[in-house]
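Here's the structure we're looking at; comments come further down.
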Amino acid sequence: MGGPRKISEYVIESWIKLSGLLVVIFVFLIFLFLLRDSLSLFGVYPLGQFLFGRNWLPISEPPKFGVVPLVLGSIYVTAGAIIICVPVGVGTAMFIDEVAPKSLKHILKSLVEILTSIPSVVLGFIGIVWLSPFLKNTFGLPTGMCGLTGSLLLAFMALPTIISISEDALVSVPRAYKEAAFGLGATRWQTLWRVVLPSAASGIIAGVMLGIGRVIGETMVVMMVTGNSPVIPKSILQPLRTLTATIAGEMGETVVGSDHYFALFAVGLVLFIITFIINFLADAFLRRARK
Amino acid sequence: MNAAKIREKVAFSILGLITLFVVAPILLVILYILKNGISTISWEFVTQAPRNGMKEGGIFPAIVGTIVLIIGAMLFSLPVGVLAAIHLVEYARDNFFTRLIKLSVVNLSGIPSIVYGLFGFTLFVVFLKLGTSILAGSLTLAIMSLPVIITATKEALESVPASFREISLSLGATRWQTVRYCVLPYALPGILTGTVLILSRAAGETAPILFTVAAFYLPRLPRTVFDQVMALPYHLYVISTQVPNMPLKLSFATAFVLIALVFLMNLVSIILRAHFRKKKLW
Chain A
1 MGGPRKISEY VIESWIKLSG LLVVIFVFLI FLFLLRDSLS LFGVYPLGQF LFGRNWLPIS
61 EPPKFGVVPL VLGSIYVTAG AIIICVPVGV GTAMFIDEVA PKSLKHILKS LVEILTSIPS
121 VVLGFIGIVW LSPFLKNTFG LPTGMCGLTG SLLLAFMALP TIISISEDAL VSVPRAYKEA
181 AFGLGATRWQ TLWRVVLPSA ASGIIAGVML GIGRVIGETM VVMMVTGNSP VIPKSILQPL
241 RTLTATIAGE MGETVVGSDH YFALFAVGLV LFIITFIINF LADAFLRRAR K
Chain B
1001 MNAAKIREKV AFSILGLITL FVVAPILLVI LYILKNGIST ISWEFVTQAP RNGMKEGGIF
1061 PAIVGTIVLI IGAMLFSLPV GVLAAIHLVE YARDNFFTRL IKLSVVNLSG IPSIVYGLFG
1121 FTLFVVFLKL GTSILAGSLT LAIMSLPVII TATKEALESV PASFREISLS LGATRWQTVR
1181 YCVLPYALPG ILTGTVLILS RAAGETAPIL FTVAAFYLPR LPRTVFDQVM ALPYHLYVIS
1241 TQVPNMPLKL SFATAFVLIA LVFLMNLVSI ILRAHFRKKK LW
């Protein structure tokens, strides 16, 4: 083997290693830059008031950067979405896995895949022109731009994640479990409900966690339909504002280096930490499911 | 026994209804956009710049902007993503560093898109002084696409039988030669289809480009990578929420074009997959 070949091989293998390293560096950089800009806020604005302050009034004098209303906004919308989409998503996964004939199974899976590729801004647009007027008129709400509209659309968006991961979990339950249940005279439903579903629990929980992560991080839909009102929400039927929508909505109006600018990075850091924990848990459940 | 059978019928019917409840809105959403958008679609709409405060004319600069952004994102994320996956599958030993990479991939894929937007702004636009530019926007989208490209490539590499590698190594090939000639060619279809799919998602993303590149109203084409561009998803956001008295039909038509673009890329990915599957030799 000649010299040049060895050198070129060394070069390419270094690139390969470097690329792996880059992935780690990016995560580190993201955290570092969020932290750096957040700390600039906490130099002038106490961390306690940020974390526990009940008012988000960034342009009043003096400004108040209490993150509580935004966190509650995110929690309300996310909880609403999850309550809607978990039973529906898991039910659909059960139907696809156990009930649907093979041809239908294929069609259903493709349709769910199509849903993943509809851009969120398009769903937000539909929320504005159709869903929010519809909810307002049907349920006599004071406004259609509220948490519920956001929850419904986010539930819709989280479905593909929950369906596909739950379906994987159901499929990977060992055949022997089912056969044993059938052998004891159980119907397909009894087997599905009492044997397959509990065995797939870890995987399904992982799917739900990933769904939560997705919903909490979604920006455009909530910014477009939840009414953008950064006050502590009393119910999901009121206008509210999430962490994500606050960053997206206010960043354009801030001056780089101002307190408000740094406050938005602190909001980003909160979001980063929340999703980090959720994804870490989801990964743990996924790994348990594979064992 | 009979009661159990009846219960099964009822339960399965409910599951069927739930599924219908999921599937019907998907079709309705698409049909709704198609129906309301198609009448405004014309050759002028897709080839001309907006005029008169975006209330007339077309969306050509936004279409070009979105295509430029995803090509830019691919130029960066494809090589890095593929090489990182090669590292994980073909080279890495089970040690701390490898676990750290895997954890990072999981973490990257969970970071909300708006946080990528913040990061892209503070690193590329402000710290590296690239300004709100195609370069900053593409790099932001690229980093966001990275974990998905790595995962798709990993799956493609892992689906190549181990015997391919063993035979190549046993003939005296080096590890890189093995990867280059005996693994990559067979993993390529999976990598390509995965990449196209991921880019179609990137094309629909708004939050990461919000502060890094997207222009509110810029009715001309970009000249350098340091220019801002309009982009389809951001344009849809702008005309449906930020501009008063905007004709609704333009929003529908823009949503139509965005969905058409995304579906077209999905179709390419499906065709690629079918094409390569026919050629599969093992």
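Quick mapping for you: the protein sequence lines, in order, are chains A and B.
Its first residue numbered 1, the first sequence is counted upward by one per residue in the numbering used here.
Its first residue numbered 1001, the second sequence is counted upward by one per residue in the numbering used here.
Note that the Cβ used here is the ideal one computed from N, Cα and C, for glycine as well.
Keep in mind that this is a model prediction, so the values were computed, not measured.
Chain B contact residues for residue i, given Cβ-Cβ distances below 7 angstroms
i	result
Phe262 (chain A)	Near Phe262 (chain A) there are no residues of chain B at all, since even the closest Cβ is about 10 angstroms away, more than 7 angstroms.
Trp189 (chain A)	Arg1007, Glu1008, Ala1011 and Phe1012
Gly268 (chain A)	Val1115 and Leu1118
Separation of residue j from residue i, as counted between CA atoms
i	j	result
Ser1013 (chain B)	Pro198 (chain A)	21 angstroms
Gly89 (chain A)	Met157 (chain A)	11 angstroms
Met1 (chain A)	Tyr1091 (chain B)	Its pLDDT being 47, under 50, Met1 (chain A) is placed unreliably in this model, and the value from its coordinates should be taken loosely. For Met1 (chain A) and Tyr1091 (chain B), the distance between alpha carbons rounds to 21 angstroms.
Lys178 (chain A)	Trp193 (chain A)	11 angstroms
Val27 (chain A)	Leu1103 (chain B)	10 angstroms
Thr1040 (chain B)	Leu1232 (chain B)	16 angstroms
Thr161 (chain A)	Ala100 (chain A)	19 angstroms
Gly140 (chain A)	Leu237 (chain A)	11 angstroms
Leu1184 (chain B)	Ile165 (chain A)	28 angstroms
Ala201 (chain A)	Thr1066 (chain B)	41 angstroms
Val1022 (chain B)	Thr116 (chain A)	13 angstroms
Met1230 (chain B)	Leu1171 (chain B)	54 angstroms
Val71 (chain A)	Leu243 (chain A)	6 angstroms
Ile1191 (chain B)	Leu1069 (chain B)	20 angstroms
Ile278 (chain A)	Gly213 (chain A)	6 angstroms
Phe272 (chain A)	Phe1076 (chain B)	24 angstroms
Leu184 (chain A)	Thr191 (chain A)	10 angstroms
Ile232 (chain A)	Val23 (chain A)	38 angstroms
Ala1203 (chain B)	Ile1063 (chain B)	10 angstroms
Gly257 (chain A)	Pro62 (chain A)	17 angstroms
Ile114 (chain A)	Asn1266 (chain B)	9 angstroms
Tyr1217 (chain B)	Gly1053 (chain B)	8 angstroms
Ile1006 (chain B)	Ala1156 (chain B)	45 angstroms
Ser60 (chain A)	Gly217 (chain A)	27 angstroms
Listed by chain order, chain A residues near residue i by CB distance under 7 angstroms
i	result
His1087 (chain B)	Ile16, Lys17, Ser19 and Gly20
Ser1240 (chain B)	Phe125 and Ile128
Ala1143 (chain B)	Residue 1143 (chain B) is actually Ile in this sequence, not Ala. Within 7 angstroms Cβ-Cβ: Phe26.
Residue range of the alpha helix (DSSP H) that includes residue i
i	result
Gly213 (chain A)	Ala201 to Gly217
Trp130 (chain A)	Premise fails: Trp130 (chain A) is in no alpha helix (DSSP H) and is neither H nor E.
Ile1114 (chain B)	Ser1113 to Gly1120
Lys1055 (chain B)	Where Lys1055 (chain B) is concerned, there is no enclosing alpha helix (DSSP H), given that its DSSP letter is neither H nor E.
Glu250 (chain A)	Leu243 to Glu250
Lys1249 (chain B)	Leu1248 to Lys1279
Met94 (chain A)	Val68 to Met94
Ala1142 (chain B)	Ile1134 to Glu1158
Val171 (chain A)	Gly147 to Val171
Closer than 8 angstroms at the beta carbon, the chain B residues around residue i
i	result
Asn279 (chain A)	Val1106, Asn1107, Ser1109 and Gly1110
Leu111 (chain A)	Val1023, Ile1026 and Leu1027
Chain-ordered chain A contacts of residue i [CB-CB under 9 angstroms]
i	result
Arg1201 (chain B)	Thr116, Ser117 and Pro119
Tyr1091 (chain B)	Glu13, Ile16, Lys17 and Gly20
Tyr1237 (chain B)	Val121, Gly124, Phe125, Met220, Met223 and Met224
Pro1233 (chain B)	Pro119, Ser120, Val121, Val122 and Met220
Contact list for residue i against chain B, beta-carbon separation under 9 angstroms
i	result
Glu9 (chain A)	Thr1174, Arg1175, Trp1176 and Gln1177
Phe265 (chain A)	Leu1118 and Thr1122
Leu301 (chain A)	Lying outside 1 to 291, the shown extent of chain A, residue 301 (chain A) is not represented and no answer is given.
Chain D contact residues for residue i, given Cβ-Cβ distances below 7 angstroms
i	result
Asp37 (chain A)	The structure shown contains no chain D; the protein chains it does contain are A and B.
Interface partners of residue i on chain A, CB under 8 angstroms
i	result
Val1243 (chain B)	The contacting residues do not exist; Val1243 (chain B) stays about 13 angstroms from chain A at best.
Is the stretch 1201-1213 of chain B close to the stretch 1125-1145 of chain B, with three or more CB pairs under 8 angstroms? yes
Members of the stretch 218-250 of chain A that neighbour chain B once the beta carbon cut-off is set at 9 angstroms: Glu218, Thr219, Met220, Met223, Met224, Leu243, Thr244, Ala245, Ile247 and Ala248
I want to know whether the stretch 1058-1066 of chain B touches the stretch 1038-1048 of chain B - three or more CB-CB distances under 8 angstroms. yes
Given 8 angstroms, three or more beta-carbon pairs between the stretch 1253-1270 of chain B and the stretch 128-142 of chain A: no
Would you list, in chain order, the members of the stretch 172-185 of chain A that have their beta-carbon closer than 7 angstroms to a beta-carbon of chain B? none
Measuring CB atoms only, is the stretch 203-210 of chain A touching the stretch 279-291 of chain A, in the sense that at least three cross pairs come out at less than 8 angstroms? yes
Any residues in the stretch 1020-1046 of chain B with a beta carbon nearer than 8 angstroms to a beta carbon of chain A? Which ones, in chain order? Phe1021, Val1022, Val1023, Pro1025, Ile1026, Leu1027, Val1029, Ile1030, Tyr1032 and Ile1033
Should the stretch 1135-1149 of chain B be called in touch with the stretch 1194-1204 of chain B, which here means at least 3 C-beta pairs below 8 angstroms? yes
Inter-stretch contact (C-beta, 8 angstroms, three-pair minimum) for the stretch 223-237 of chain A and the stretch 141-156 of chain A: yes
Count the CB pairs spanning the stretch 1246-1258 of chain B and the stretch 1074-1084 of chain B that are closer than 8 angstroms, and state whether there are at least three. no
Please name the residues in the stretch 1203-1217 of chain B whose beta-carbon is closer than 8 angstroms to at least one beta-carbon of chain A, in chain order. Ala1203, Gly1204, Glu1205, Thr1206, Ala1207, Leu1210 and Phe1211
Using Cβ-Cβ distances below 8 angstroms, what residues of the stretch 1254-1269 of chain B are close to chain A? Ala1255, Leu1258, Ile1259, Val1262, Phe1263 and Asn1266
When you check each C-beta in the stretch 194-221 of chain A against every C-beta of chain B, which residues fall closer than 9 angstroms? Leu210, Gly213, Arg214, Ile216, Gly217, Glu218, Thr219 and Met220
The stretch 1109-1132 of chain B: which residues have C-beta closer than 7 angstroms to a C-beta of chain A, in chain order? Gly1110, Ile1111, Pro1112, Ser1113, Ile1114, Val1115, Leu1118, Phe1119, Thr1122, Leu1123 and Val1126
Would the stretch 1029-1037 of chain B and the stretch 120-132 of chain A be scored as touching if the rule is three or more Cβ pairs under 8 angstroms? yes
Relative to chain B, which residues along the stretch 127-150 of chain A have a C-beta separation below 9 angstroms, given in chain order? Ile128, Val129 and Trp130
Should the stretch 224-233 of chain A be called in touch with the stretch 1096-1110 of chain B, which here means at least 3 C-beta pairs below 8 angstroms? no
Please determine if the stretch 41-50 of chain A and the stretch 258-265 of chain A are in contact, where contact requires at least 3 C-beta pairs separated by less than 8 angstroms. yes
Chain B contacts made by the stretch 82-94 of chain A, where a contact means CB separation under 8 angstroms: Pro87, Val88, Gly89, Gly91, Thr92 and Met94
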